[in-house]
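Shown next, in structure tokens, is the structure this report addresses.
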Amino acid sequence: MKIWLIIQTAILQSLSVFLVFNQPMTPLLWGGVFTLHALACASFSWICWLLLPSKYQYPIKSSISFLFLFNLLLPIIGIIGTMCSLVIALYLPRKTNNITWENAQKKPLSQTPGAHEVADFGVGALREILIYDTDAKRHFLAISAIRNLPQKDAVPLLQLAIKNLSDDVRLLAYSSLESIETEINESIALMKKRFEHKATAMKAYEIAQQYWELCYLGIAEGVLLSHYLTQAELYLVQANQIQESASTNLLLGRVFLKQNRPSEASFVLNKAKEGDLMSKQVTPYLAEAAYMVGDYYTVRQLLTSFPNHQGDQLSQIKEYWQ
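Under this note's numbering, the first residue of the sequence shown is numbered 308, with each subsequent residue one higher.
Written out as structure tokens, the structure is:
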């Protein structure tokens, strides 16, 4: 049957090609050519379906329809392409690998097992190593682990490591602190260029936030700390001049508190409280400002709104003042 279908397909397709290239074409002749081509495609599609693996033969309508339309819409080329595809797939299949295992290279044991032990320690354990452990190598490994911590946790430990007796530990701690400060300063320089190109409140706030980060992390001290706070204040004021926001006033209030300016801090913090911030975000700083001016009655009143989370630092302060 397959041989008969192949011969039939070849005859029908050859006849349709002969009519196209050797006879003057009329609408009636075009209809005959199309009929011969359609019959050839139907015959060839049936051959292809018989040659397909069983898992591709079903559903029958979909598979045969696809083969028929593909060959019908691409005269000659479709049949040749389908034939080549089937021959390659059936007689030149992809080689299958029956090996189910793979040879793996033997990995040597770590030459510094202590590094893995230190890397698994938390902030408290790393602090204990720096303070009480006498092994300089463990101090060095602890600094390497500290460098992977969040900046808020890493900076105090690195500042502690600067006082270490080992020169290598001190140098590594100092370089780590310097890299954090350099990274933030580079970010500030980039943000300033963007701000100069187009001044927006958000860009000014982001610059001030980076300056505040230098102060908050404890990297800067003395004159440098005052300079960073002044720069943060300058950009926060500019942000408010462009578009005032509660978050800008909150950060400005914290800067004023750091500068020992509680009255100005209270003013902007109250404006922040009137904005879209939650009361618990602003109240602790208002209480701090009231404490700095000696208004303890206001401090006690503000503390009553603190949450009562067990073990929370604000809850402990609230309990103390009650």
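Here a beta-carbon is modelled for each residue, glycine too, at the ideal position from N, C-alpha and C.
Beta-carbon separation (whole angstroms), residue i vs residue j, contact threshold 8 angstroms
i	j	result
Ser370	Leu319	Going by Cβ atoms, the distance from Ser370 to Leu319 rounds to 21 angstroms, so no, they are not a contact pair.
Ala553	Asp583	5 angstroms
Gln466	Gly525	7 angstroms
Residue i versus residue j - alpha carbon distance
i	j	result
Leu358	Gln412	44 angstroms
Thr441	Lys459	26 angstroms
Val476	Leu456	17 angstroms
Ala468	Leu437	7 angstroms
Leu532	Glu626	33 angstroms
Ala508	Phe502	9 angstroms
Gly429	Ala461	11 angstroms
Ala572	Leu593	8 angstroms
Pro334	Phe325	16 angstroms
Phe613	Lys587	7 angstroms
Ala511	Leu497	12 angstroms
Pro331	Ile395	39 angstroms
Lys499	Asn492	10 angstroms
Ala317	Ala347	7 angstroms
Glu520	Asn410	51 angstroms
Trp353	Thr342	17 angstroms
Asn577	Leu478	45 angstroms
Lys470	Lys444	16 angstroms
Leu609	Lys580	13 angstroms
Thr605	His446	47 angstroms
Ser473	Thr611	49 angstroms
Ser483	Gly529	20 angstroms
Val340	Phe328	11 angstroms
Ser486	Met585	35 angstroms
Glu424	Ala480	Confidence in Glu424 is poor, its pLDDT being 46 and thus under 50, which makes the residue's placement unreliable; the coordinate value appears in the next sentence. Going from the Cα of Glu424 to the Cα of Ala480 covers about 20 angstroms.
Ile367	Cys391	22 angstroms
Cys522	Tyr439	28 angstroms
Gln566	Arg607	23 angstroms
Val589	Val562	13 angstroms
Glu435	Ile624	27 angstroms
Gly421	Trp408	Confidence in Gly421 is poor, its pLDDT being 47 and thus under 50, which makes the residue's placement unreliable; the coordinate value appears in the next sentence. Rounded to the nearest angstrom, the two C-alpha atoms are 34 angstroms apart.
Thr489	Ala527	12 angstroms
His504	Pro591	37 angstroms
Ile310	Tyr365	23 angstroms
Leu393	Trp337	30 angstroms
Ser361	Ile384	26 angstroms
Ile314	Ser372	21 angstroms
Gly431	Glu551	41 angstroms
Cβ neighbours of residue i in the same chain (closer than 7 angstroms, five flanking residues each side left out)
i	result
Leu433	Ala449, Ala452, Ile453 and Leu464
Ala596	Leu564, Pro569, Ala572, Ser573 and Leu576
Contacts around residue i, its chain only, beta-carbon distance under 8 angstroms, and the 5 residues preceding and following it disregarded
i	result
Thr389	Phe351, Cys355, Leu374, Phe377 and Asn378
His344	Leu319, Gln320, Ser323, Leu379 and Pro382
Tyr518	Ile495, Tyr535, Leu536, Gln538, Ala539 and Tyr542
Ala506	Gln545 and Ile549
Ile386	Thr316, Gln320, Ala347, Cys348, Phe351 and Asn378
Asn547	Ala508, Thr555, Asn556 and Leu559
Trp628	Val606, Arg607 and Leu610
Own chain partners of residue i with C-beta closer than 6 angstroms, once the 5 adjacent residues on each side are dropped
i	result
Val575	Asn556, Leu559 and Gly560
Tyr542	Ala511, Ile514 and Ala515
Met599	Pro569
Within-8 angstroms CB hit, residue i to chain D
i	result
Ile386	Structure shown: chain D not included; a single protein chain is present.
**Study point:** Segments of 4+ residues assigned as alpha helix (DSSP H) that fall wholly inside the segment 359-398
**Key:** DSSP runs (the alpha helix (DSSP H)) wholly in the segment 359-398: 367-380 and 384-398.
Point to revise | alpha helix (DSSP H) segments (min. 4 residues) lying fully within the segment 501-568 | key: DSSP runs (the alpha helix (DSSP H)) wholly in the segment 501-568: 508-523, 529-549 and 553-565.
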